[in-house]
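Number of protein chains: 2
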Amino acid sequence: MLLDIAEVSQRSGLAPSALRFYERKGLITADGRNGLRRAYRAETLDRLALISCARDAGFTLAEIAGFLRARPSDTELRERMAAKEREVGERVDQLTRLRDSLRHAAVCEHDPLVECPEFKQAVRRAR
Amino acid sequence: MLLDIAEVSQRSGLAPSALRFYERKGLITADGRNGLRRAYRAETLDRLALISCARDAGFTLAEIAGFLRARPSDTELRERMAAKEREVGERVDQLTRLRDSLRHAAVCEHDPLVECPEFKQAVRRAR
DNA sequence: CTGCGACGTGAAGCGCGGTTCAAGCCAAGG
DNA sequence: CCTTGGCTTGAACCGCGCTTCACGTCGCAG
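Protein chains in written order, with my numbering: chain Z, 12 to 138; chain R, 12 to 138.
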């Protein structure tokens with residue numbers, strides 16, 4: 012019932028070295044061994060998807076490890092998650108403005124582009 | 012008319028060491044010297060705001076340097092900017108879903124939180 | 001003239017998120 | 001039995017974005 016590390020690596024898109032690295036950092040655990048080879052439960056794939064997602068979103072591995080240990084009773088952690096939610100929300104706004112700037116820059120005729128007043132204004136809004 | 016490095020550092024929120032670092036990387040130039048001290052034109056502050064903004068958005072300094080050199084005639088670069096715009100757009104969508112997941116996680120009663128089906132589904136959507 | 005403090009330089013160091021390397025073990029196939 | 005190939009380990013290394021360090025040079029106040 013356990014998946015070999017090669018299988019997990021392939022299906023998660025993460026290198027075996029990354030899986031071992033995550034194990035050292037306490038993000039995942041190997042649930043068995045085939046000889047010396049690590050073997051993982053299928054749910055580990057869900058967990059890895061979550062980790063990749065959060066890491067892409069700019070969370071540090073240490074933060075992710077914290078959230079993974081979360082239990083409903085941990086109110087301090089809940090507060091940190093709520094704070095993180097606000098932070099992510101701000102980031103969404105900022106990136107949205109940046110995307111709009113890029114959209115304009117891609118068709119703007121100013122030379123250099125950086126001097127375009129529309130672009131500059133967008134940057135000011137994005138601060 | 013030129014601003015001393017200390018002034019620029021303070022007003023941009025960047026350490027003098029960071030300004031020198033950016034100069035080595037070709038992101039900014041010192042437009043003069045007061046004795047040995049670097050001095051910058053006021054527009055450098057705009058430029059630094061742009062750099063900070065883009066860096067916060069996940070651009071590498073090398074990418075930023077490329078965009079700063081952009082001229083309207085540089086069609087290859089325009090294409091890269093358009094590509095980056097799409098990329099940022101995807102990131103906005105992903106972060107939006109992540110924010111929604113966090114919002115739910117902060118009030119969810121599952122133990123551990125990671126096992127909440129609603130949360131898991133949100134992660135799948137965010138992939 | 002003599003500190004003092006903030007700048008200058010190049011080189012080294014740091015934290016993050018891994019990858020790569022050297023050396024070794026193990027299971028399967030020829 | 002022996003090779004092959006993919007895993008194991010700890011340790012070293014990498015690229016990024018800076019900061020810190022050691023050492024030197026300014027300009028100004030006392």
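The beta carbon of each residue, even a glycine, is placed where N, CA and C say it ideally should be.
Counting contacts by CB-CB distance shorter than 9 Å, is residue i in contact with chain Z?
| i | result |
| --- | --- |
| R:L113 | yes |
| R:D15 | no |
| R:Q21 | no |
| R:T55 | no |
| R:K36 | no |
| R:A41 | no |
| R:L109 | yes |
| R:M12 | no |
| R:E44 | In the sequence as displayed, the identity of residue 44 of chain R is Arg instead of Glu. No, R:R44 does not count as interfacial toward chain Z. |
Using the Cα positions of residue i and residue j, report the straight-line distance between them to the nearest angstrom.
| i | j | result |
| --- | --- | --- |
| Z:M12 | R:E129 | 25 Å |
| R:R114 | Z:M92 | 8 Å |
| R:Y33 | R:L25 | 10 Å |
| Z:S20 | Z:R136 | 42 Å |
| R:V118 | Z:R89 | 8 Å |
| R:E18 | R:D67 | 22 Å |
| Z:L124 | Z:Q105 | 20 Å |
| Z:G69 | R:D85 | 31 Å |
| Z:L38 | Z:L79 | 7 Å |
| Z:G77 | R:L30 | 34 Å |
| R:A94 | R:I62 | 19 Å |
Pull the bridge partners of residue i from the DSSP assignment, please.
| i | result |
| --- | --- |
| Z:Y51 | Z:L14 |
| Z:R136 | Z:R136 pairs with nothing; no bridge assigned. |
| R:G43 | R:A50 |
Pop quiz: residue i and residue j are said to be a contact at Cβ under 8 Å. What is the actual Cβ separation, rounded to whole angstroms?
| i | j | result |
| --- | --- | --- |
| R:R48 | R:I16 | 6 Å |
| Z:A50 | Z:A60 | With a Cβ gap of about 19 Å, Z:A50 and Z:A60 do not count as contacting. |
| R:V99 | Z:V103 | The Cβ separation is near 11 Å, so there is no contact. |
| R:L72 | R:R22 | Going by Cβ atoms, the distance from R:L72 to R:R22 rounds to 20 Å, so no, they are not a contact pair. |
Residue i and residue j: beta carbons closer than 9 Å?
| i | j | result |
| --- | --- | --- |
| R:P83 | Z:D111 | no |
| R:E54 | R:A65 | no |
Shorter than 9 Å from the beta carbon of residue i to some beta carbon of chain R?
| i | result |
| --- | --- |
| Z:F32 | no |
| Z:E96 | yes |
| Z:A29 | no |
| Z:A73 | no |
| Z:L106 | yes |
| Z:L79 | yes |
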